[in-house]
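Visitor: Dropping the structure in here first, questions after.
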Amino acid sequence: MLARLKLTAMRDRLDGLLDEAARGDLSLRETLALLCRAEVSHREERRIQMGTGIAKFPHQRTLEGFDFAAQPSLDAKQVRDLAACRWVANGDALLIQGPPGVGKTHLAIALGREAIRHGFSVLFTPATSLVTTLVRGHAEGKLEQRMAQLAKPKLLIMDEFGYLPFEPAAAHLLFQLISRRYEKGSILITSNRAVGDWGAVLGDQVVATAILDRLLHHSHVLTIRGDSYRLREKRRSGLIKATPAPASAEASQ
Numbered sequence: 000m001l002a003r004l005k006l007t008a009m010r011d012r013l014d015g016l017l018d019e020a021a022r023g024d025l026s027l028r029e030t031l032a033l034l035c036r037a038e039v040s041h042r043e044e045r046r047i048q049m050g051t052g053i054a055k056f057p058h059q060r061t062l063e064g065f066d067f068a069a070q071p072s073l074d075a076k077q078v079r080d081l082a083a084c085r086w087v088a089n090g091d092a093l094l095i096q097g098p099p100g101v102g103k104t105h106l107a108i109a110l111g112r113e114a115i116r117h118g119f120s121v122l123f124t125p126a127t128s129l130v131t132t133l134v135r136g137h138a139e140g141k142l143e144q145r146m147a148q149l150a151k152p153k154l155l156i157m158d159e160f161g162y163l164p165f166e167p168a169a170a171h172l173l174f175q176l177i178s179r180r181y182e183k184g185s186i187l188i189t190s191n192r193a194v195g196d197w198g199a200v201l202g203d204q205v206v207a208t209a210i211l212d213r214l215l216h217h218s219h220v221l222t223i224r225g226d227s228y229r230l231r232e233k234r235r236s237g238l239i240k241a242t243p244a245p246a247s248a249e250a251s252q
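252 is the number that numbering that gives the first Met the number 0 gives the last residue of the sequence shown; the numbers go up by one with no jumps.
So this is what it looks like as structure tokens:
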């Protein structure tokens with residue numbers, strides 16, 4: 000009966016808890032409370048697993064696994080505040096900027112997973128894939144369908160914006176998407192380019208200004224200034240030699 004009602008956690012725990020109740024270790028009230036708690040916990044785990052699968056994260060990353068000590072320019076308290084996901088609930092934007100290899104994607108995935116844990120739908124996509132989806136949808140006469148799909152998640156994560164320049168038509172399509180999500184759904188963007196360079200990335204300064212106007216109206220910014228984790232590991236392993244310090248003026252005389 001419990002299986003037909005899809006109360007699988009209750010079914011799995013029922014016999015053991017009834018045995019404890021029969022021995023007098025648990026009252027009826029305690030038994031029911033434990034059964035309900037087990038079912039709620041099971042459903043929460045399934046919800047998170049399903050949401051994580053739908054999000055299409057390329058890797059599994061957590062805030063606990065991020066090395067804040069290696070990136071002292073990053074405000075750890077601000078990151079932990081963002082993990083509460085009030086910005087997602089409010090439909091705000093989050094920009095994570097910094098050079099390659101400093102952990103931007105790690106933070107984006109970790110914050111995306113926190114958003115799922117807080118009950119929000121999430122979709123992760125590389126910037127190049129998102130643009131391809133929009134351009135192809137436009138060419139196939141399915142732009143409205145693609146826009147609706149990308150507007151649906153409460154949090155859209157666009158990773159690695161700025162690594163490749165956009166065609167002008169693609170920049171206009173991106174503007175349409177951001178306008179549709181403005182003040183309705185949150186967007187998280189990671190980029191290796193400062194916002195002042197977005198005009199060059201998008202190939203249109205006017206479109207870049209319009210996009211930034213909407214993104215930065217209600218926004219949070221994380222800026223990471225530091226060495227690439229990958230380069231640091233290669234230096235430690237001796238694959239890359241550390242750059243020698245320049246000789247002083249006195250030593251050169």
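A virtual CB, placed ideally from N, CA and C, is assigned to each residue, including glycine.
Please report how far the alpha carbon of Ile47 lies from the alpha carbon of Arg116, in whole angstroms.
Guide: For this step, residue 47 is matched to residue 48 along the sequence shown. For this step, residue 116 is matched to residue 117 along the sequence shown. So the alpha carbons of these two residues sit roughly 6 Å apart.
Visitor: So the beta strand (DSSP E) Leu185 belongs to, where does it begin and stop?
Guide: On the sequence shown, position 186 is the one that residue 185 refers to. In the sequence on display, residue 185 carries Ser and not Leu. Segment Ser185 to Ser190, the beta strand (DSSP E) holding Ser185.
Visitor: List in chain order: all unbroken alpha helix (DSSP H) runs of 4+ residues lying wholly within the segment 191-222.
Guide: Runs of the alpha helix (DSSP H) inside the segment 191-222: 197-201 and 204-214.
Visitor: Helix, strand or coil for Glu38, going by three-state DSSP, please let me know.
Guide: Translated into the one-based positions of the sequence shown, residue 38 becomes position 39. Helix at Glu38.
Visitor: Could you tell me which residues DSSP pairs with Ala54 in its beta bridges?
Guide: Walking along the sequence shown from the start, residue 54 turns up at place 55. For Ala54, which the question treats as bridged, DSSP gives no partner whatsoever.
Visitor: Under three-state DSSP, which class holds Asp158?
Guide: Start at 1 with the first residue of the sequence shown, and residue 158 comes out as number 159. Looking at Asp158 - three-state DSSP - the assignment turns out to be strand.
Visitor: On a CA-only basis, which of Gly111, Arg42 and Thr7 is nearest Pro152? Give me that one, please.
Guide: For the purposes of this step, residue 152 is taken as the residue at position 153 of the sequence shown. Checked all of Gly111, Arg42 and Thr7; the closest Cα to Pro152 is Gly111.
Visitor: Measuring only the C-alpha atoms, how far is Arg60 from Asn191?
Guide: As a first step, residue 60 is located in the sequence shown; it is residue number 61 there, counting from the start. As a first step, residue 191 is located in the sequence shown; it is residue number 192 there, counting from the start. Computed Cα separation, rounded: 20 Å.
Visitor: Please identify the residue among Cys84, Leu187, Gly50 and Arg224 whose C-alpha is closest to the C-alpha of Ala107.
Guide: Here the question's residue 107 lines up with position 108 in the sequence shown. Cα-wise, what sits closest to Ala107 is Leu187.
Visitor: Rounded to the nearest angstrom, what separates Phe165 and Lys141 at their Cα positions?
Guide: To locate residue 165, count along the sequence shown from 1; it is residue 166. To locate residue 141, count along the sequence shown from 1; it is residue 142. Going from the Cα of Phe165 to the Cα of Lys141 covers about 20 Å.
Visitor: Would you call Cys35 buried or exposed, if buried means 16 or more other Cβ atoms sit within 10 Å of its Cβ?
Guide: Taking the sequence shown and counting its residues from 1, one reaches residue 35 at position 36. Exposed.
Visitor: Excluding five sequence neighbours on each side, which residues of the same chain lie with their C-beta closer than 7 Å to the C-beta of Leu4?
Guide: By 1-based counting over the sequence shown, the position of residue 4 is 5. Because the pLDDT of Leu4 is 47, which lies under 50, any placement of that residue in the model is unreliable, and the question is left without a value.
Visitor: Grab me the residues of Ala136's own chain with a C-beta within less than 7 Å of its C-beta, minus the 5 sequence neighbours each way, in chain order.
Guide: For the purposes of this step, residue 136 is taken as residue 137 along the sequence shown, with counting starting at 1. Reading off the sequence, residue 136 comes out as Gly, not Ala. Contacts found: Leu142, Gln144 and Arg145.
Visitor: Buried or exposed: which applies to Lys103, given that a residue is buried once 16 or more other Cβ atoms fall within 10 Å of its Cβ?
Guide: As a first step, residue 103 must be located in the sequence shown, where it is residue number 104. When all chains shown are included, Lys103 counts as buried.
Visitor: Anyone know if the C-beta pair for Leu94 and Ser185 falls short of 8 Å?
Guide: Reading the sequence shown from its first residue, position 95 is the one you call residue 94. Reading the sequence shown from its first residue, position 186 is the one you call residue 185. It is not a contact, given that the beta carbons lie outside the stated cut-off.
Visitor: Might you give, ordered along the chain, the residues of its own chain that have their beta carbon closer than 6 Å to the beta carbon of Ala246, omitting 5 neighbours on each side?
Guide: Along the sequence shown, read from residue 1 onward, the residue named residue 246 stands at position 247. Any answer about Ala246 is weak, because its pLDDT of 45 lies below 50 and its placement is not dependable; what the coordinates show is given next. Closer than 6 Å at Cβ, skipping near neighbours: no residue.
Visitor: Short of 8 Å in beta carbon distance, which residues of its chain neighbour Phe160, apart from the five on each side in sequence? Order them along the chain.
Guide: The count along the sequence shown starts at 1 and reaches residue 160 at position 161. Excluding residues within five positions, the ones whose Cβ falls inside 8 Å are Ala126, Ile188, Thr189, Ser190, Arg192 and Val200.
Visitor: First and last residue of the beta strand (DSSP E) that includes Val121?
Guide: Stepping through the sequence shown from its first residue, residue 121 is reached at position 122. Residues Val121 to Pro125.
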